[in-house]
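Numbering (this note's numbering), first residue to last: 207 to 730.
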């Protein structure tokens, strides 16, 4: 009989072979009675820095007789292995009179196309940016020279914004499709450990290869993928989408369109508004990136065990309040860098990124403050986007107008001193970070919220407010400030056949949840 056990605790540096002995002791059986032991989940418990533990969940086989004896023990952490639900949506019965068009090749679009292609549907994917190799070259040109390609950058291109990130796969959604996403990523080259670790990540260097291999597989399945192809219009008939216009000239007939545009596609939001599609403002958050030495974060989280190879680079997640607003850290990148994420001219935008090894000298995270639609007192559903653009334009001007980012030491920020130089923590943002008073590019509610947050976080991690830690502005795209309204079938409320999905549609918050949302749209 196949069983599962959870919450098996070992010292973090113990060999995993000790799991068999621990499990046998807990089940009161001989080690040889346990067959096919497999680790299904691993996490760290570092609350006691003197005794850091590895926590495991496992599956295993027992004979029916032994399983009955174990059941009599009434162990709360042992039971039958939950069966993985097999999803096979009902196949459509009406022949396609035109392809399904997928707009955008980020996680949502990639997995929507994959689900459709597996079942033999005709699919065309259009992506305004470039293939990953060309996109990486454009990104490096921007980082090194400050020359921005507005259609090929950290936000636009094959793989979407998630490709230039830590490749985090942690998600709070409870959906069996999430396991399918992980399995698919492993199939296309991601480390198999992502299926086990409680906080899995791929790393941008590995993720770019996974994305390219998945795209090659889609093409071998008959999916047509068009790069440098932006949706500039669409046609409707009898309340249904019937074609998509590419680059202002070519019309692609479609039986349905999956809209996986990503939150940087502000021109597409404006197109949707002009065509009568319902968009709704939603809460979001803005702030800055904070950088500390990774060694400091390791010591704060792991104590005397900091630097142990079994532990790797330490992470944190902190929350606080500033009046009625929440303040929290977001998208923490251990051993990573702060990246220039501008996608339009005259805007400075920051984000964080880690490679697979997480071996860079600094740790960085967003420190962001909640923003609500009520802050804008506007009926315009794009008021949040307008707010973001004002912040990004202000950061661009403050940095000198050449895509340098304004930045300052935490101590100067907290003491309201004019920044003149950086200290022991060197900012990692490229093309360049310049010492500027970052309060000048954001409203007081945001800068005061950041200050309150840092002071609160310093009570959770001692010396989080270290003088030489660096704040770089502006982190404005933690999530979309708008949602494209959709009905119970996942279609836009005012247009049949249009399926808004992913982060850009306001329904996801990361690689896995966006991919799952794309899969749901394909099934529908």
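Where is the CB? At the ideal position from N, CA and C, for every residue including glycine.
Judged by their CB atoms, residue 729 and residue 313 are not nearer to each other than the 8 Å cut-off. Under the DSSP assignment, residue 348 falls in the alpha helix (DSSP H) whose first and last residues are 338–351.
For residue 392, the enclosing alpha helix (DSSP H) begins and ends at 383–393. Fully enclosed beta strand (DSSP E) runs of no fewer than 3 residues occupy 639–641 of the region 625–672, in order along the chain.
For residue 356, no beta strand (DSSP E) segment is defined, and its DSSP state is neither H nor E.
For residue 503, the enclosing alpha helix (DSSP H) stretches over residues 500–508. Residue 554 places its beta carbon less than 8 Å from that of residue 611. Residue 500 counts as buried, since no fewer than 16 other beta carbons sit within 10 angstroms of its beta carbon. A distance below 6 Å between beta-carbons, with the five flanking residues on each side excluded, links residue 355 to the following residues of its chain, in chain order: 344. Contact between residue 708 and residue 673 is absent: CB atoms are separated by about 40 Å, not below the 8 Å threshold. With a cutoff of 8 Å on beta-carbon distance, residue 403 and residue 248 are scored as near each other. Using a Cβ-Cβ distance cut-off of 8 Å, the region 324–341 and the region 581–593 are not in contact, since fewer than three pairs of beta carbons, one from each stretch, lie closer than that value. Per DSSP, the continuous beta strand (DSSP E) segment holding residue 439 begins and ends at 437–443. A distance below 7 Å between beta-carbons, with the five flanking residues on each side excluded, links residue 435 to the following residues of its chain, in chain order: 332, 333, 334, 452, 453. In this structure, DSSP gives residue 568 an extended state, which the three-state scheme calls strand. For the pair residue 450 and residue 458, the Cα-to-Cα distance works out to about 5 Å. By the CB criterion at 8 Å, residue 360 and residue 213 fall outside the cutoff. For residue 557, the enclosing beta strand (DSSP E) begins and ends at 556–560. In the same chain as residue 700, and ignoring 5 residues on each side of it, the C-beta atoms closer than 7 Å to its own belong to 482, 483, 484, in chain order. Taking a 10 Å sphere around the C-beta of residue 406, we find 16 or more other C-beta atoms and assign the residue as buried. For the 8 Å CB-CB criterion, residue 600 and residue 647 form a contact. In this structure, the CA atom of residue 357 is about 18 Å from the CA atom of residue 608. With a beta-carbon spacing of about 6 Å, residue 260 and residue 250 fall inside the 8 Å limit used to define contacts. In its chain, beyond the 5 residues on either side, 526, 533, 573 have a beta carbon closer than 6 Å to the beta carbon of residue 659. Taking each of 684, 697, 688 in turn and checking the Cα distance to residue 715, the smallest one comes out for 684.
For residue 440 and residue 424, the gap between their C-alpha atoms comes out near 25 Å. In this structure, the beta-carbon distance from residue 467 to residue 688 does not fall below 8 Å. Take the alpha-carbon of residue 254 and the one of residue 373: they are about 28 Å apart. DSSP places residue 235 in the coil class of the three-state scheme, outside both helix and strand. Rounded to whole angstroms, the separation of the alpha carbons of residue 389 and residue 480 is 40 Å.
For residue 241, the enclosing beta strand (DSSP E) begins and ends at 241–251. A Cβ-Cβ distance of about 4 Å is found for the pair residue 625 and residue 641, placing them in contact under the 8 Å criterion. The beta carbon of residue 304 sits closer than 7 Å to those of 459, 460, 461, all from its chain and outside the five residues before and after it, given in chain order. Secondary structure of residue 588 (DSSP, three-state): coil.
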